[in-house]
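Q: Numbering (full-length UniProt numbering), first residue to last: 1 to 164.
Backbone N, C-alpha and C define an ideal beta-carbon position, used for all residues, glycine too.
These numbers were taken from a predicted model, which means no experiment stands behind them.
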Amino acid sequence: MTIKNKISNRISSSGVVLYGMMTGRLPFLSPCDEQTSSEERRRRLMAQINRGLTALQMKNMSRMSNDCKNLINRLLTPVPHKRITIQELCHHPWIVCKLRNVSRIASEADLDVNDQKTIIAEISKMTHLDRNTIEMEIIRRKYGEIGGMYNIKYESRKEWNHSP
């Protein structure tokens with residue numbers, strides 16, 4: 001595999017990660033049952049990846065900004081030579097906008113109380129931890145595992161709230 005192909009594959013992988021962060025689900029899934037062989041699961045997964053985003057995945061992205069949807073689409077373009085390049089990625093409007101805001105860290109005053117409660121409830125459901133434990137962990141380690149979950153969900157919610 002050439003360096004150019006490796007970079008293109010990593011760019012595509014970052015599209016999977018961004019899609020997952022923004023929607024809470026992965027764009028491509030293969031069945032995990034005992035009747036399907038690992039070879040068949042791999043074949044099905046590769047078929048989905050090579051097909052690209054479907055109407056269902058696009059529907060999952062409906063609350064995102066147009067720039068974010070465009071970036072994910074370009075990251076997950078199935079044909080490597082048509083996929084976004086590193087240079088284009090660095091100048092993409094969604095990335096540029098996020099870089100402008102990177103120095104600004106959300107404070108508690110920035111948060112809508114209902115959004116904060118919803119995010120903590122979602123994390124509680126995922127981790128089976130109580131609300132107080134989650135709040136203390138976020139305060140104690142803002143960039144730890146629980147704090148990271150909170151920050152990702154907060155940024156996703158902010159992105160949804162600012163979409164047209």
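For K153, count neighbouring C-beta atoms within 10 Å of its own C-beta (all shown protein chains included) and say buried if the count is 16 or more, exposed if not.
A: buried
Q: Look at the Cβ atom of M22, then the Cβ atom of C68, and state whether they are nearer than 8 Å.
A: yes
Q: Buried or exposed: where does residue 165 fall if 16 or more other Cβ atoms within 10 Å of its Cβ makes it buried?
A: Because the chain spans 1 through 164 in this model, residue 165 falls outside it and cannot be assessed.
Q: If you run the structure through DSSP and keep just helix, strand and coil, what is K6?
A: Here K6 sits in helix by DSSP.
Q: Apart from the five residues just before and just after I120, which ones in its own chain have a Cβ nearer than 6 Å to its Cβ?
A: Cβ neighbours of I120 beyond the five flanking positions: R131, I134.
Q: Tell me, please, whether the segment 18-32 touches the segment 51-64 by the rule of three or more beta-carbon pairs shorter than 8 Å.
A: yes
Q: Candidates P31, L89, T77: which alpha carbon is nearest R42's?
A: Distance check between R42 and each of P31, L89, T77 places P31 closest, using alpha-carbon atoms only.
Q: Please return the same chain residues whose Cβ sits closer than 7 Å to the Cβ of E122, not counting the five positions on each side in sequence.
A: K153
Q: For L53 and P93, what's the separation of their Cα atoms in angstroms?
A: The alpha-carbon atoms of L53 and P93 are separated by roughly 21 Å.
Q: Give the secondary structure of residue 169 by DSSP, where H, G and I count as helix, E and B as strand, and everything else as coil.
A: This structure leaves residue 169 out entirely; the chain is present only between 1 and 164.
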